[in-house]
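Student: Take the numbering used here: the final residue in the sequence shown is number 338, and no numbers are missing along the way. Following this message is one structure expressed as structure tokens.
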Amino acid sequence: MPLVNTKKMFMDAYKNHYAVGAFNVDTLLQCQAVLEAAEECDSPVILAFSSGSRDFFHPGNIKDILEIVSKDMHIPFAIHLDHGKNFEICKSCIDEGFTSVMIDASNYDFEENIHITKEVVDYAHKKGVTVEGELGPISKRNDPRFKKYTDPEMVKEFVMRTGVDSLAVSMGTCHGLAKFGPDEKAELQFDLIEEVEKLLPGFPLVLHGSSSIPEEYLNIFNENGGELKGTRGVPEELLEKVAKTAVCKINIGTDFRVAFVGGLRKSLNDFKDRFEPRYFLIPAKEQCKKIVKEKLSNVFKSANKIGKMEKEEKICH
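The structure is reproduced here in structure tokens:
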């Protein structure tokens, strides 16, 4: 399948009660790991670039590079800007071939957030690009806005006035290594999701700050020279549950990066007499593939969905 935006992806995810995984990538090797894992799982997937990772990767040529490495694959995938902070960065990504952008104007007041988001939506939709907004915000634990949950009534007004295609809402997660405090119950605001679904049936929501930080990958990281402490992720059983709701996209950054760097750290220790980069990068890539396949198959439940989507499209036509 060709490079796509997220519209049909999310429609199918909503209808069939699963979520599409969006993985934050920094390098071509990580992109290959995500795409290969998704291909092997027969799953849609999203490659998410922050503005920093886009600058590091190669702005202007990302689409061309990814179309080359994916030319023999059949899965639909989107190239997505994560947390674009202004119209200019979103426009640049749209113009260079990103198929999806997130405009995160959640630092502004409600009216200004609407104004900025609508400006991006108007430009993106002319180019066939889908837009994710944010109304929350999804912050870090040291942010004074931490755990300020999104108001469902504001969601309806926001979506109606902006025309945004999906929306990240604050429902109990946060960015960073510690999603919950050591004595805090790990929970998500499922009532919030249900309220939004009543007000906007069929509309896709997005969950940020969703890494679980599995002990297996954390141990590999720390046993090979790393020092990640105080981690507490989102339990996978909560993510499995949320993937069956109106949440059609789940973002994974920390898990994916810990797996990659942990695999790299271990291989550097394992091959002390080698100097060829592939000896160190291949194990790192394999760790990435492993965690992506685990997420797609066991948590988001998006594995083996492409064949079914194709059959349904043929029936409809």
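The beta-carbon is built from N, C-alpha and C at its ideal position, and this holds for glycine as well. On a predicted model such as this, the values are computed, not experimentally measured, just so you know.
Is there contact here, the segment 283–295 with the segment 27–44, by at least three beta-carbon pairs under 8 Å?
Tutor: no
Student: Among residues of its own chain, excluding the 5 on either side of residue 96, which ones have a beta-carbon nearer than 8 Å to its beta-carbon?
Tutor: 22, 56, 59, 60, 63, 64, 65, 66, 327
Student: I need the straight-line Cα distance from residue 28 to residue 107, nearest angstrom please.
Tutor: Their backbone Cα atoms lie some 22 Å apart in a straight line.
Student: Roughly how many angstroms lie between the CA atoms of residue 332 and residue 77, to the nearest whole one?
Tutor: Any reading at residue 332 must be qualified, since the residue scores a pLDDT of 48, below 50, and its modelled position is unreliable; the value itself is stated next. Roughly 39 Å separates the two Cα atoms.
Student: For residue 103, report the span of its beta strand (DSSP E) as first-last.
Tutor: 98–105
Student: Counting contacts by CB-CB distance shorter than 8 Å, is residue 215 in contact with chain B?
Tutor: Among the protein chains of the structure shown there is no chain B, as only one such chain exists.
Student: Among the residues of its own chain, which have a CB less than 7 Å from the CB of residue 191, if the five just before and after it don't count?
Tutor: Excluding sequence neighbours, residue 191 sits near 157, 158, 159, 169, 170, 171.
Student: What does a CB cutoff of less than 8 Å around residue 150 pick up in its chain, not counting 5 residues either side in sequence?
Tutor: Cβ contact annotation for residue 150 (same chain, cutoff 8 Å, sequence separation greater than five): 26, 115, 119, 120, 121, 122, in chain order.
Student: So, residue 266 versus residue 234, is the Cβ gap smaller than 8 Å?
Tutor: no
Student: For my contact list, residue 72 and residue 124 are in at a C-beta cut-off of 8 Å; report their separation, rounded to the angstrom.
Tutor: Rounded, the Cβ-Cβ distance is 12 Å, inconsistent with contact.
Student: Report yes if the CB atom of residue 40 is closer than 8 Å to the CB atom of residue 318, and no otherwise.
Tutor: no
Student: According to DSSP, residue 270 sits in a beta bridge with which residue or residues?
Tutor: 41, 227
Student: Is it buried or exposed, residue 293, if we count other Cβ atoms within 10 angstroms and call 16 or more buried?
Tutor: exposed
Student: Grouping DSSP H, G and I as helix and E and B as strand, with all else coil, what is residue 286?
Tutor: helix
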